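K.L.:
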Amino acid sequence: MLAFLSCGKDRINVSAVQFSEDKVLVEGKPFTGDIWSDDGATYTLTADQGEVVAFTLYHSNGQVALSKASHADSTLVYDEQGTPITIDTFATRYKELSALLTQLVKQIKGNQ
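The sequence shown begins at -8 in our numbering and counts up by one.
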């Protein structure tokens, strides 16, 4: 879904951006486009005018693990086969991804 939303936008790795006061900056300017984890596989953030509007975490097999858009009330969470699960099941079953999510939120908030 994020790939569809990002048509025509820039794509960069997270190491090329700065997070400051809930803004995503590249060379000091608000960024619009997709930001991938440095490994190109673990997560993507979608930014619009420097604001993170969506993020997606991926399982090691490439399946979406968790997807959240800022305009949506819910967070979509899946197991490795793509079956919907609860956020509690996700936190229990996928501790590494859950920890990454916490770290990612802190990074976005500028509290690295």
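Beta carbons are placed, not taken as given, at the ideal position from N, Cα and C, and that holds for glycine. All values reported here derive from a predicted model rather than from experimental measurement.
I need the boundaries of the alpha helix (DSSP H) containing T83, first residue and last residue.
P.N.:
By one-based count along the sequence shown, residue 83 stands at place 92. Per DSSP, T83 belongs to the alpha helix (DSSP H) from 78 to 84.
K.L.:
Using C-beta distances below 7 Å, list every residue in its chain close to G41, excluding the 5 sequence neighbours before and after it, in chain order.
P.N.:
Translated into the one-based positions of the sequence shown, residue 41 becomes position 50. Once the five neighbours on either side are set aside, the close Cβ partners of G41 are K14, V15, L16, P21, F22.
K.L.:
Around the C-beta of T35, are 16 or more other C-beta atoms found within 10 angstroms, so that it is buried, or is it exposed?
P.N.:
Residue numbering aside, residue 35 sits at position 44 when the sequence shown is read from its first letter. When all chains shown are included, T35 counts as buried.
K.L.:
Which residue or residues does DSSP assign as beta-bridge partners of Q9?
P.N.:
Here residue 9 corresponds to residue number 18 of the sequence shown, with the count starting at 1. Per DSSP, L16.
K.L.:
In the structure shown, what three-state DSSP assignment does T93 receive?
P.N.:
As a working note, residue 93 is residue 102 in the sequence shown. Of the three classes helix, strand and coil, the one that applies to T93 here is helix, per DSSP.
K.L.:
Less than 7 Å between C-beta atoms, sequence neighbours within five positions excluded: which residues of the same chain meet that for S28?
P.N.:
As a working note, residue 28 is residue 37 in the sequence shown. The answer, listed in chain order, is V5, Y34.
K.L.:
May I have the straight-line CA-CA distance separating Q94 from E87, to the nearest angstrom?
P.N.:
In the sequence shown, residue 94 corresponds to position 103, counting from 1. In the sequence shown, residue 87 corresponds to position 96, counting from 1. Taking the straight line joining both Cα atoms gives about 11 Å.
K.L.:
Looking at the secondary structure, which residues open and close the beta strand (DSSP E) in which T74 lies?
P.N.:
On the sequence shown, residue 74 is found 83 positions in, with the first residue counted as 1. Where T74 is concerned, there is no enclosing beta strand (DSSP E), given that its DSSP letter is neither H nor E.
K.L.:
Determine whether the beta carbon atoms of V55 and T66 lie at a separation below 8 Å.
P.N.:
Counting from one through the sequence shown, the residue named residue 55 turns up at place 64. Counting from one through the sequence shown, the residue named residue 66 turns up at place 75. It is not a contact, given that the beta carbons lie outside the stated cut-off.
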